[in-house]
Amino acid sequence: NSIIGDHKRWPHTIPYVLEDSLEMNAKGVILNAFERYRLKTCIDFKPWSGEANYISVFKGSGCWSSVGNIHAGKQELSIGTNCDRIATVQHEFLHALGFWHEQSRADRDDYVIIVWDRIQPGKEHNFNIYNDSVSDSLNVPYDYTSVMHYSKTAFQNGTESTIVTRISEFEDVIGQRMDFSDYDLLKLNQLYNCTSSLSFMDSCDFELENICGMIQSSGDSADWQRVSQVLSGPESDHSKMGQCKDSGFFMHFNTSILNEGATAMLESRLLYPKRGFQCLEFYLYNSGSGNDQLNIYTREYTTGQQGGVLTLQRQIKEVPIGSWQLHYVTLQVTKKFRVVFEGLRGPGTSSGGLSIDDINLSETRCPHHIWHIQNFTQILGGQDTSVYSPPFYSSKGYAFQIYMDLRSSTNVGIYFHLISGANDDQLQWPCPWQQATMTLLDQNPDIRQRMFNQRSITTDPTMTSDNGSYFWDRPSKVGVTDVFPNGTQFSRGIGYGTTVFITRERLKSREFIKGDDIYILLTVEDISHLNSTSAVPDPVPTLAVHNACSEVVCQNGGICVVQDGRAECKCPAGEDWWYMGKRCEKRGSTRDTVIIAVSSTVTVFAVMLIITLVSVYCTRRKYRKKARANTAAMTLENQHAF
Amino acid sequence: APEKFVKDIDGGIDQDIFDINQGLGLDLFEGDIKLEANGK
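Chains as they are written, first to last, in my numbering: chain A, 143 to 784; chain B, 5 to 44.
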């Protein structure tokens, strides 16, 4: 529920500063949280460049924010120790955008019971209600799934729930710290009059006959067909997994009736990029030949190219037979374009073909790796189970592995391990500032309605283990030996992660498990450039920025930015005050300006008055003299006359 | 994987925002809201 009053709103693009005090992992998590806002709302964030009001995110004590834009100039938002979780950052920024907690809305007693005698003495004020003259629930139903709702244990004095939901099924739903709920987004988008988002482009589950405006090319030898099942598979679509009779469609390229080399091209509607990078996501099923393949193209329209320029982006070959598989394709398109799916009939016999479903296109970064776990309910139901991912390589060349801990009866844990790899001799050790982001994918067909469950950890090269060795040192030095299923020996470093990644209850909710499959999306990226206080020997473009600013100290909370290769201080300012000068050393305010203006006016008036008086005095004196001289002359004449 | 081969950043406890703040001895409004200077 939102705070009432338009003056509490922020502009759609919010200026921010990530203060040096923030932990490195927190900085990366905050930037990831901003991406969630960009995908699902019209709220954007930009580094502060002198605007009157901005959000200063810093590592204070705890996680907290003010509610709404308080027009303080620099408005603080704290992401302290243990607050570096994406949903926590989303929660605090929702406060800053003008939202209170869900259970404080005026009608909350209709939905939850607050058990007052289970609350710690003196903490009752945390369960206040705000009436509808103070807060506005924006005509949206009470939301147990809100990221702004307390969990049932809030401020408890024992072990029993302080908040009891009137519908018992929601007792363990309240307090989710995964992602925005649908209603969170509805309210935020309503409050800020959002009609579109910055990074979402298209989503298609082929449920409607217009197939989302996609078109069949004319220059090919076959067409894709919209079907709800294929005899040789799949038996159902991916969106609904056959759960709804007479619905659940997907697009099928039937290779069983085509000769080798036949193609069918399915082109998306025209798309208009804003950011210049895109992520295409879709599910693919193969029931044809192992040699059939799917080619992904973009058709980009530049001036003078009527039909557009077709560019091959990815060839997907040897598609496994008999299951839906998730695929990501990174695109970098800057002009008007279409995405083209080309099915290509390969050699060999086929009794089916290729099928695609649940396409999402957004201007976001694709995950670097996908860990696909099949037959998951069996694994989840097993006793003392734990699973390791296959080995992966980060973009910098570090080898790693993910460990999923399923041994607890209530929670599922997840850990990141560095392992020995082919590039180890060329890499820097201990491994510096690689942020690993592990995401459990909610397989809702529409990316906008997904609630991801995500945690990130960052390798700190200075961190040590209990035995004094560097935690992120080379796995062959500090790790233990293990063997891959293929018999290859390797070393695994100590895992870093959480035992409480998600509860089993939540894991079984939404569409985390779909068709008995789950996907863990993995991204390991270098975030050294966020470490603005230390010079990292890494030739990243931002290094010059940090070097230029390394010798400049801005005073009074100013921040150093580089413009045209020169370091400059951007000084903080409020509505009626500001800092100025080369290093923000001087303070100004509207009061000072008024004083200066008034005193200047008075001074000018006084000087003018003095000049005027002197002029009048001199003029009068001059004419008096003249008059006296005339009088004397007349007297002499008279004397002569007598 | 025995516990000695992993380090848990959450110490085995799924701490919510208000737990973290309470643990630090903070008494913020509704657990995590910083009020404006004039108390509004």
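All residues carry an ideal CB built from backbone N, CA and C; glycine is no exception. The model shown is predicted, which means the values in this text are computed figures rather than measured ones.
Handout entry: Beta-carbon neighbours of A296(A), restricted to chain B and to distances below 9 Å
Key = A296(A) reaches chain B at D20, F22, D23 and G35, counting residues in chain order whose Cβ is nearer than 9 Å.
Exercise for the section: Using a threshold of 8 Å, state whether the C-beta atoms of W190(A) and Y158(A) are closer than that. Expected result: In this structure, Y158(A) lies closer than 8 Å to W190(A) by Cβ.
Problem - 3-residue-minimum beta strand (DSSP E) runs that sit fully inside the region 262-313 of chain A, ordered along the chain - result: Entirely contained in the region 262-313 of chain A, the beta strand (DSSP E) runs reaching 3 residues are, in chain order, 305-307.
Handout entry: Same chain, Cβ closer than 6 Å to Y535(A), neighbours up to 5 away in sequence not counted
Key = The residues are A541.
Practice task
Reducing DSSP to helix, strand and coil, say where H233(A) ends up.
Solution key: In this structure, H233(A) counts as helix in the three-state DSSP scheme.
Exercise for the section: Determine, using beta-carbon pairs with one atom in the region 491-505 of chain A and one in the region 412-422 of chain A, whether at least three such pairs fall under 8 Å. Expected result: Yes, the region 491-505 of chain A touches the region 412-422 of chain A.
Problem - Reference Y545(A); option with closest CA among P532(A), R648(A) and T552(A) - result: Measuring from the Cα of Y545(A), the nearest candidate turns out to be P532(A).
Problem - 8 Å contact criterion, which T183(A) and N331(A) should meet: CB distance rounded - result: About 6 Å separates the beta carbons of T183(A) and N331(A), which is inside the 8 Å limit, making them a contact pair.
Handout entry: Partner residues on chain D for S203(A), Cβ-Cβ distance less than 9 Å
Key = Among the protein chains in the structure shown, which are A and B, there is no chain D.
Exercise for the section: Can you grab the Cα-Cα spacing for the pair I599(A) / S288(A), in whole Å? Expected result: Rounded to the nearest angstrom, the two C-alpha atoms are 25 Å apart.
Practice task
Spell out whether any CB of chain B is found under 8 Å from the CB atom of S207(A).
Solution key: For S207(A), the nearest beta carbon of chain B is closer than 8 Å to its own beta carbon.
Problem - Three-state secondary structure (DSSP) of W258(A) - result: DSSP, read as helix, strand or coil, puts W258(A) in helix.
Handout entry: Beta-carbon proximity list for S323(A), same chain, < 8 Å, skipping 5 on both sides
Key = The answer, listed in chain order, is D285, T287, S288, V289 and M593.
Problem - Residues from the region 224-243 of chain A in contact with chain B, defined by Cβ distance under 8 Å - result: Those would be N224, C225, T230, H233, E234, H237, W242 and H243, in chain order.
Practice task
Establish whether the CB of G446(A) and some CB of chain B are separated by less than 8 Å.
Solution key: For G446(A), the answer is no, since every Cβ of chain B falls outside 8 Å of its Cβ.
Practice task
Can you tell me which of the three DSSP states Q19(B) falls into?
Solution key: In the three-state reduction of the DSSP assignment, Q19(B) falls in the coil class, being assigned neither a helical nor a strand state.
Practice task
Kindly indicate which residue of T476(A), E349(A), V620(A) and A364(A) has the alpha-carbon position closest to the one of F9(B).
Solution key: Comparing Cα positions, the closest option is V620(A).
Problem - Short Cβ contact (8 Å threshold) for Y425(A) with I512(A) - result: No, the pair does not count as a contact, with Cβ atoms beyond the cut-off.
Exercise for the section: Taking C-beta pairs closer than 9 Å, name the residues in chain B that I599(A) reaches, listed in chain order. Expected result: Within 9 Å Cβ-Cβ: I13.
Handout entry: Between the CA atoms of T601(A) and D615(A) - distance to the nearest angstrom
Key = When only Cα atoms are considered, D615(A) and T601(A) end up about 10 Å apart.
Handout entry: V620(A) at chain B interface by Cβ criterion, 8 Å
Key = No, because no Cβ of chain B sits closer than 8 Å to the Cβ of V620(A).
Handout entry: Residues of its chain near D347(A), where Cβ-Cβ distance is below 6 Å and the 5 sequence neighbours each way are ignored
Key = Cβ within range, chain order: S381, D500 and P587.
Practice task
Would you mind telling me which residues of chain B sit closer than 9 Å to R319(A), beta carbon to beta carbon, in chain order?
Solution key: Residues of chain B passing the Cβ test: D18, D20 and I21.
Problem - Assumed close pair I655(A), F518(A) - CB separation to whole angstroms, cut-off 8 Å - result: Confirmed, Cβ separation roughly 6 Å.
Exercise for the section: Compute the distance between the beta-carbons of Q457(A) and N437(A), then report whether it is under 8 Å. Expected result: Contact: yes.
Problem - Buried versus exposed call for Q474(A) [16 or more other C-beta atoms within 10 Å across all chains shown] - result: Q474(A) sits exposed, since fewer than 16 C-beta atoms from the chains shown fall within 10 Å of its C-beta.
Practice task
Tell whether a beta-carbon distance below 8 Å holds between S431(A) and T405(A).
Solution key: At least 8 Å separates the beta-carbon of S431(A) from that of T405(A).
Exercise for the section: Alpha carbon to alpha carbon, how far is V625(A) from I21(B)? Give it in angstroms, no decimals. Expected result: The alpha-carbon of I21(B) is positioned some 40 Å away from that of V625(A).
Exercise for the section: Kindly confirm or deny that the region 219-237 of chain A and the region 365-377 of chain A touch, where touching means at least three C-beta pairs closer than 8 Å. Expected result: In this structure the region 219-237 of chain A does not touch the region 365-377 of chain A; the number of beta carbon pairs closer than 8 Å is below three.
Practice task
With distances taken Cα to Cα, identify the nearest neighbour of L39(B) among H213(A), V451(A) and G170(A).
Solution key: Comparing C-alpha distances from L39(B) to each of H213(A), V451(A) and G170(A) shows the shortest one belongs to H213(A).
Problem - Secondary structure of G639(A), DSSP reduced to three states - result: Three-state DSSP puts G639(A) in a strand.
Practice task
With 8 Å as the threshold, decide whether the Cβ of S378(A) is near any Cβ in chain B.
Solution key: False, the Cβ-Cβ gap to chain B never drops below 8 Å.
Handout entry: Residues near D252(A) in its chain [Cβ-Cβ closer than 8 Å; skip 5 each side]
Key = Short of 8 Å from the beta carbon of D252(A), and not among the five residues preceding or following it, lie these beta carbons of its own chain, in chain order: Y284 and R308.
Problem - Closest Cα partner of S528(A) within the set D547(A), H510(A) and Q543(A) - result: Taking only the C-alpha atoms, the option nearest S528(A) is D547(A).
Handout entry: Among C336(A), Y427(A), M356(A) and R770(A), the one whose alpha carbon lies nearest that of S345(A)
Key = With distances taken between Cα atoms, S345(A) lies closest to M356(A).
Practice task
Return the chain-ordered list of same chain residues with a C-beta closer than 6 Å to the C-beta of S618(A), the five sequence neighbours on each side being excluded.
Solution key: Contacts found: S562 and S633.
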